[in-house]
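Pasting the structure below:
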């Protein structure tokens, strides 16, 4: 079971630009590799990642088979309001891996 | 005169097909490189591209951190019939595992042989936790090995090669210098005689082991030294030995001695 | 050098191809063991080496570019472990080239260069035991190609 | 406790001998590579038809990717991130891969227009990034990445 992780400055000054670092362990099976018998291994990747603050989207990514295993996605936001940051990764098999953090803006 | 020589050289290169690429920048006098050099020994870090070094240096972005966190969680998780965790006996890893990873492989009096850190962890599981040993190269064993070894980060590799370890060490040394496989190569042909040269574009390193387990860009995974050794053997079309085999543990001891004095870098990131 | 010898070699090569790797150990040795003589200078087969085929073998099966810079501009990134081979054909006769390809350890026991026609190697991967890096005719083709590099 | 896991992946490379580009083969075997036209078409779909202009977009990638399986990259767009004028999307494409699309990022008017990720590259090629702004215009940056041909271990 993949276990995502995120890191950012959880207590920030209003207007501060925060770098949000994220990573999740996942094989990102591209769908283009063959097994020992020459058969294509079916694609199984995390195809989407989304970050929200208090339910409002801040950022999302749509990934394809060319994203490396254990995808890392870093981006920036401006600290404007306190609240719950939610991070979700969507697997081809329907699984959703989620993690959340509190952001405090002073 | 000089320019015509250069032109001639350029022409030669063009005619001869392109030669190997520019190497990653490395200045032995750069203070930032000091932790990765000991005498004439150079960690694989010094042979890596700057972007690979940066990936290792960033504690969050180093992808091996995903395994480190799993190892940290396992450290305090009771397991086996004894319902004990690592921390039941050893307390805080940060305090009590310091200097443990830098001295393996090591002769173990209870095992009556030289064992590596993976085997030591499994011995603990069997003897003290009454738990089943983890499979070699399994996620929990890699995670725990990495978590324990990284407690020695920055400490020099320091293995014992005398006393009861002598015959194992000699065995490992023999392996290092013995040709094998269809390509008929010994470890030493690439990593002792030709480090700094290129096979196609690939820059050969000194084959130092102080960063293992390592996150390999190629594997897109954390992996053990033994997996790397087996991979090396396969590349030269030699029959690899099983992971955890006597042969590879002995070679691991010899390689650790070659890396003696370099700092433990676990978990490193390598190509 | 009798003509029966190269035939035996060809037969052997065919046997290798047909029987495959599984029972490599049981394969018959060639009739004349001198074919395996590392200092052998005579051609390994009676079919004259083909430099065009040799060039392909140099790039693909022989993996020569792993270590040598060669006048093969369509392939990028030649290695620099061994000497450049752009003029190797003017430095050595075909016989001398053959010896170096068959088993360079005759000249330098410590060389990193593989022995391309030696079947008694240590701990070869399962399925490849008893076989050689290149087949006899392939060695001849490579030698023919190298001889053109002047 | 012994076990051979060193895998299926490298076997094929091994049989081809040293220096056969084992990594690329293992990653994306025998699939036709995308063409520049396919990449252009794919970009056109993503940009809603706007023709990307050169500029604003900087792709930071290694000069030499040590292994094509994991190539770190950063895209920086020189543009504000205000409600009135911001970067709505950044599309990353590797036209020498079997399928050109790598990843698309969708941004809001917050922070700054910079993203980091890691991608797989089948071979030496141009990597392209197109930024679509809130005014509908599209901007492109490009960088050639040399993917190492491995000798031992790709």
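Chains as they are written, first to last, in the working numbering: chain A, 355 to 460; chain B, 686 to 956; chain C, -15 to 134; chain D, 27 to 180.
Backbone N, C-alpha and C fix where the C-beta goes; we use that ideal spot for every residue, glycine too.
Note that the structure is predicted; figures quoted are calculated from it, not measured.
Determine, for residue i, whether the minimum Cβ-Cβ distance to residues of chain C falls below 7 Å.
{"i": "residue 911 of chain B", "result": "no"}
{"i": "residue 884 of chain B", "result": "yes"}
Taking the straight line between their C-alpha atoms, what separation do you get for residue i and residue j?
{"i": "residue 953 of chain B", "j": "residue 17 of chain C", "result": "50 Å"}
{"i": "residue 761 of chain B", "j": "residue 831 of chain B", "result": "15 Å"}
{"i": "residue 394 of chain A", "j": "residue 905 of chain B", "result": "19 Å"}
{"i": "residue 104 of chain C", "j": "residue 174 of chain D", "result": "33 Å"}
{"i": "residue 20 of chain C", "j": "residue 102 of chain C", "result": "7 Å"}
{"i": "residue 808 of chain B", "j": "residue 853 of chain B", "result": "19 Å"}
{"i": "residue 63 of chain D", "j": "residue 385 of chain A", "result": "23 Å"}
{"i": "residue 355 of chain A", "j": "residue 827 of chain B", "result": "16 Å"}
{"i": "residue 133 of chain C", "j": "residue 156 of chain D", "result": "47 Å"}
{"i": "residue 106 of chain D", "j": "residue 135 of chain D", "result": "8 Å"}
{"i": "residue 842 of chain B", "j": "residue 834 of chain B", "result": "11 Å"}
{"i": "residue 908 of chain B", "j": "residue 930 of chain B", "result": "16 Å"}
{"i": "residue 848 of chain B", "j": "residue 417 of chain A", "result": "56 Å"}
{"i": "residue 737 of chain B", "j": "residue 956 of chain B", "result": "7 Å"}
{"i": "residue 131 of chain C", "j": "residue 38 of chain C", "result": "10 Å"}
{"i": "residue 113 of chain C", "j": "residue 78 of chain C", "result": "28 Å"}
{"i": "residue 87 of chain D", "j": "residue 23 of chain C", "result": "50 Å"}
{"i": "residue 883 of chain B", "j": "residue 62 of chain C", "result": "8 Å"}
Less than 7 Å between the C-beta atoms of residue i and residue j, yes or no?
{"i": "residue 728 of chain B", "j": "residue 840 of chain B", "result": "no"}
{"i": "residue 441 of chain A", "j": "residue 402 of chain A", "result": "no"}
{"i": "residue 164 of chain D", "j": "residue 70 of chain D", "result": "no"}
{"i": "residue 765 of chain B", "j": "residue 814 of chain B", "result": "yes"}
{"i": "residue 414 of chain A", "j": "residue 132 of chain D", "result": "yes"}
{"i": "residue 101 of chain D", "j": "residue 113 of chain D", "result": "no"}
{"i": "residue 895 of chain B", "j": "residue 98 of chain C", "result": "no"}
{"i": "residue 408 of chain A", "j": "residue 375 of chain A", "result": "no"}
{"i": "residue 788 of chain B", "j": "residue 844 of chain B", "result": "yes"}
{"i": "residue 109 of chain C", "j": "residue 34 of chain C", "result": "no"}
In chain B, which residues lie with their C-beta within 8 Å of the C-beta of residue i?
{"i": "residue 420 of chain A", "result": "None at all; the shortest Cβ gap to chain B is about 12 Å."}
Check residue i in the structure and name its three-state DSSP category.
{"i": "residue 729 of chain B", "result": "helix"}
{"i": "residue 51 of chain D", "result": "In this predicted model, residue 51 of chain D has a pLDDT of only 35, less than 50, meaning its place in the structure is not dependable; the value taken from the coordinates is given anyway. Looking at residue 51 of chain D - three-state DSSP - the assignment turns out to be helix."}
{"i": "residue 399 of chain A", "result": "coil"}
{"i": "residue 935 of chain B", "result": "helix"}
{"i": "residue 941 of chain B", "result": "helix"}
{"i": "residue 116 of chain C", "result": "coil"}
{"i": "residue 983 of chain B", "result": "Residue 983 of chain B lies beyond the residue range present for chain B, which begins at 686 and ends at 956; the question has no answer from this structure."}
{"i": "residue 155 of chain D", "result": "strand"}
{"i": "residue 447 of chain A", "result": "coil"}
{"i": "residue 77 of chain D", "result": "coil"}
{"i": "residue 854 of chain B", "result": "helix"}
{"i": "residue 780 of chain B", "result": "helix"}
{"i": "residue 112 of chain D", "result": "coil"}
{"i": "residue 83 of chain D", "result": "strand"}
Please confirm if residue i has its CB atom under 7 Å from at least one CB of chain A.
{"i": "residue 950 of chain B", "result": "no"}
{"i": "residue 925 of chain B", "result": "no"}
{"i": "residue 905 of chain B", "result": "yes"}
{"i": "residue 144 of chain D", "result": "yes"}
{"i": "residue 122 of chain D", "result": "no"}
{"i": "residue 826 of chain B", "result": "no"}
{"i": "residue 102 of chain D", "result": "no"}
{"i": "residue 748 of chain B", "result": "yes"}
Between residue i and chain B, is the shortest Cβ-Cβ distance under 7 Å, so that the two count as touching?
{"i": "residue 91 of chain C", "result": "no"}
{"i": "residue 96 of chain D", "result": "yes"}
{"i": "residue 379 of chain A", "result": "yes"}
{"i": "residue 116 of chain D", "result": "no"}
{"i": "residue 401 of chain A", "result": "no"}
{"i": "residue 7 of chain C", "result": "Because residue 7 of chain C carries a pLDDT of 44, less than 50, the predicted location of this residue cannot be relied on, and no value is offered for it."}
{"i": "residue 61 of chain D", "result": "no"}
So which residues of chain C does residue i contact, with C-beta pairs closer than 8 Å?
{"i": "residue 863 of chain B", "result": "106"}
What does residue i reach in chain B if we use C-beta pairs closer than 7 Å?
{"i": "residue 88 of chain D", "result": "734, 736"}
{"i": "residue 93 of chain D", "result": "902, 903, 956"}
Using a beta-carbon distance below 7 Å, is residue i in contact with chain D?
{"i": "residue 894 of chain B", "result": "no"}
{"i": "residue 439 of chain A", "result": "no"}
{"i": "residue 887 of chain B", "result": "yes"}
{"i": "residue 442 of chain A", "result": "no"}
List the residues of chain D whose Cβ lies closer than 9 Å to the Cβ of residue i, in chain order.
{"i": "residue 456 of chain A", "result": "Per Cβ cutoff of 9 Å: no residues; residue 456 of chain A is ~18 Å from chain D at best."}
Closer than 8 Å by beta-carbon distance: list the chain A residues that pair up with residue i, in chain order.
{"i": "residue 745 of chain B", "result": "359, 361, 375, 377"}
Which chain A residues are close to residue i, counting only those with a beta carbon under 9 Å from its beta carbon?
{"i": "residue 754 of chain B", "result": "357, 359"}
At 7 Å on the CB atoms, spell out the chain C contacts of residue i, in chain order.
{"i": "residue 879 of chain B", "result": "65, 96"}
Using a Cβ cut-off of 7 Å, pull out every chain D residue sitting near residue i, in sequence order please.
{"i": "residue 740 of chain B", "result": "98"}
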